[in-house]
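Just so you know, we're using our numbering here: the sequence shown kicks off at 10 and counts up by one. Here the structure comes first, spelled out in structure tokens, and everything after it is commentary.
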Amino acid sequence: MTGSAGPSDPDAAAGRSAALAAALAAVDERLRAACAAAGRRRDEVTLIAVSKTRPAADIAALAALGVRDFGENRDQEAAGKARELAGLDLAWHFVGQLQTNKCRSVAAYAGVVHSVDRLRLVGVLGSEAVRAGRKIDVLVQVSLDGDTRRGGVPAPAVAELAAAVAVAPALRLRGVMAIAPLAVEPARAFGQLDRVAADLRGLHPGATWISAGMSADLEAAVAAGATHVRLGTALFGVRPPFDR
Ligand SMILES: *Cc1c(COP(=O)(O)O)cnc(C)c1O
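This is the structure:
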């Protein structure tokens, strides 16, 4: 450590940018290989950089490298970053469990909410989107093992929730999202999600998005048809060891 190192140290900032560029290149290579292995085009999969706990400077550095989509899971943190980086024209994805009392704030900056998992949330997010004069893309979060503590609804409840999203004037039903349960092999979990997504498309042909895959399991997700992968650690490094 030197006394001069700090957020405004230009050498440190350049080093951080170079590290992020290398991580982005490695991630892009993984995505390319996963798409090729699955017989899919690379442009069928959108990379979302999950920037939770990371400083705005990291986001700006990735934005300068061409990344547009960023994911956050806490409203207060996300709102601050969205405000600070408003000039960059980024797309903010809310990927965390969402309380109804945060919907007004989230509706002001999020273009996509991945974690819609109850009717009351559809109602409140829908009216806050109307109030904000914005359209919000919505994914229904599916709990693949039925343990809803990490968010999500069990597969049989997806259709009812999706129907409510589909009739909300300021919400656009886009598809489904899931986090692979720790106890289930990712390929199996994402295969299950792919079937839930296919059933949903039977009812709502426009609901084509599948948000699945994190740093450890993106290959399995792409093989199972993911259209959006949510990567934190693979881009930014290991997060400080608290709950997320
Ligand atoms: C943190 C988080 C991610 C990213 O996880 P990594 O393992 O760091 O890639 C993806 N999705 C959600 C919902 C998250 O909370």
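All C-beta atoms, glycine included, are put in the ideal place defined by N, C-alpha and C. Please read all numbers here as calculations on a predicted model, not as lab measurements.
Item: Span of the alpha helix (DSSP H) around ARG181; Value: ARG181 -> not in any alpha helix (DSSP H); beta strand (DSSP E) instead, spanning 180-186.
Item: Residues bridged to GLU81 [DSSP beta-bridge criterion]; Value: PHE103
Item: Beta-ladder partner(s) of THR217, from DSSP; Value: None; THR217 has no bridge partner.
Item: Beta-carbon proximity check, LEU244 vs VAL193, cutoff 8 angstroms; Value: no
Item: Bridge-paired residues (DSSP) for SER152; Value: PRO163
Item: Reduced DSSP secondary structure (H/G/I, E/B, other) of THR55; Value: strand
Item: Residue burial classification, THR217 (beta-carbon count within 10 angstroms, cutoff 16); Value: exposed
Item: Buried versus exposed call for LYS111 [16 or more other C-beta atoms within 10 Å across all chains shown]; Value: buried
Item: Limits of the beta strand (DSSP E) - the one that GLY120 falls within; Value: 119-125
Item: Residue-level contact to chain C via CB, HIS213, 8 angstroms cutoff; Value: Reference to chain C is not applicable here, since this structure consists of a single protein chain.
Item: Identity of the residues DSSP links to LEU74 by a beta bridge; Value: According to DSSP, which records beta bridges pairwise, LEU74 is partnered with nothing at all.
Item: Under 8 angstroms between C-beta atoms of ARG117 and PHE103; Value: Arg is not the amino acid found at residue 117; the sequence shown has Ala there. In this structure, PHE103 does not lie closer than 8 angstroms to ALA117 by Cβ.
Item: Cβ pair VAL125, VAL149 closer than 8 angstroms; Value: yes
Item: Neighbourhood of VAL115 by C-beta distance below 6 angstroms, restricted to the same chain and skipping five residues each side; Value: ASP84 and PHE103
Item: Assigned exposure category for VAL205 - 16 Cβ within 10 Å defines buried; Value: buried
Item: Proximity test, SER271 beta-carbon vs ligand 1 heavy atom, cut-off 7 angstroms; Value: A question about residue 271 goes unanswered here, because the residues of the chain that appear run from 10 up to 253.
Item: SER220 burial status per 10 Å Cβ neighbour count (16 or more: buried); Value: buried
Item: Selected residue, minimal CA-CA separation from ALA198, among VAL174, PRO163, ALA168 and ALA172; Value: PRO163
Item: Pick from ALA233, ALA166, THR55 and VAL76 that is closest to GLN201, judged by C-alpha positions; Value: ALA233
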